[in-house]
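Novice: Structure in C-alpha cells, see below.
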Amino acid sequence: MAGPTGTGKTWRSIAKGLPSDFGFPIVVHPHDADTVYVMPLMPMTRTCPDGAPAVWRSENGGDSWRRLAKGLPKKQSYFTILRDAMDIDELKTPALYFGTTTGQLWIGREGGEAWECLFDSLPPIHCVKVAVA
Numbered sequence: 006m007a008g009p010t011g012t013g014k015t016w017r018s019i020a021k022g023l024p025s026d027f028g029f030p031i032v033v034h035p036h037d038a039d040t041v042y043v044m045p046l047m048p049m050t051r052t053c054p055d056g057a058p059a060v061w062r063s064e065n066g067g068d069s070w071r072r073l074a075k076g077l078p079k080k081q082s083y084f085t086i087l088r089d090a091m092d093i094d095e096l097k098t099p100a101l102y103f104g105t106t107t108g109q110l111w112i113g114r115e116g117g118e119a120w121e122c123l124f125d126s127l128p129p130i131h132c133v134k135v136a137v138a
C-alpha cells in the first residue's frame, strides 16, 4: 500500500498497522480526502487475513489505521473482494458497500462502524457502484 506525500510528487508506504500490505479495494471519503478505507487481503490467496474480514479506516492519510469489523464474520470467512467491488456513497455521514466473490453484498453504515449483509445468495460480485437519490 502506498499513498502520496503532501505534494503528490512522491509516494510513501501507508501499510504500517495493517494486517497485510496487499489489497485492491480502496475508497476515499467523499468529503475528506484524508479519510481512506481499505480492505487488506492476503497476497497469495486474495482472501481476508485469518478468515476475519475487516475494513480498515485511516483519518490521517494512512499514518494510522482502525479496524472496522462490527457485524462482519469473526472467522472462517475467506471471501475475496475485487478491486472495483467496494464503494462509498456521498451522504454527509457516508455508508460503505462491498460485494464478495461468494455473492454477499454488505453495507457499513456510519462510515463503516457497523456492518450488515444485505444479500447473501447473489452471483459473484465484480463491481459495486453506489448512487443515492
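Sequential numbering from 6 applies to the sequence shown in my numbering. Think of the CB as a built atom: it goes at the ideal place given N, C-alpha and C, for glycine as much as any other residue.
Should methionine 44 go down as buried or exposed, given a rule of 16 or more other Cβ atoms within 10 Å for buried?
Specialist: Taking the first residue of the sequence shown as 1, we reach residue 44 at position 39. Methionine 44 is buried by the Cβ-count criterion.
Novice: Is it a yes or a no for the segment 101 to 116 touching the segment 64 to 72, going by three-plus beta-carbon pairs under 8 Å?
Specialist: no
Novice: Could you give the uninterrupted runs of the beta strand (DSSP E) lying entirely in the segment 9 to 75, keeping only those of 3 residues or more?
Specialist: 16 to 18, 31 to 33, 41 to 43, 60 to 63, 71 to 73
Novice: Bridge partners for leucine 101 per DSSP, in chain order?
Specialist: Locating residue 101 in the sequence shown gives position 96, counting from the first residue. Paired residues: Ile93, Gly113.
Novice: According to DSSP, is cysteine 132 part of a helix, a strand, or is it coil?
Specialist: On the sequence shown, position 127 is the one that residue 132 refers to. If DSSP states are grouped into helix, strand and coil, cysteine 132 belongs with coil.
Novice: What is the residue span of the beta strand (DSSP E) that alanine 119 lies within?
Specialist: Here residue 119 corresponds to residue number 114 of the sequence shown, with the count starting at 1. Element bounds for alanine 119: 119 to 124.
Novice: Under 8 Å, with one C-beta from each stretch per pair, do the segment 19 to 31 and the segment 79 to 91 reach the 3-pair mark?
Specialist: yes
Novice: What does a CB cutoff of less than 6 Å around arginine 51 pick up in its chain, not counting 5 residues either side in sequence?
Specialist: Sequence index remark: in the sequence shown, residue 51 carries index 46 (1-based). Correct list, in chain order: Thr85.
Novice: Verify whether the separation of the beta carbon atoms of leucine 101 and tyrosine 42 is less than 7 Å.
Specialist: Your numbering for residue 101 matches position 96 in the sequence shown. Your numbering for residue 42 matches position 37 in the sequence shown. Yes, these two residues count as a Cβ contact at 7 Å.
Novice: By how many angstroms is the C-alpha of lysine 14 removed from the C-alpha of cysteine 53?
Specialist: The sequence position of residue 53 within the sequence shown is 48, counting from 1. The sequence position of residue 14 within the sequence shown is 9, counting from 1. Computed Cα separation, rounded: 31 Å.
Novice: Exposed or buried, what is leucine 77 when buried is set at 16 or more other beta-carbons lying within 10 Å of its beta-carbon?
Specialist: Within the sequence shown, the letter at position 72 stands for residue 77. Buried, by the Cβ-count rule.
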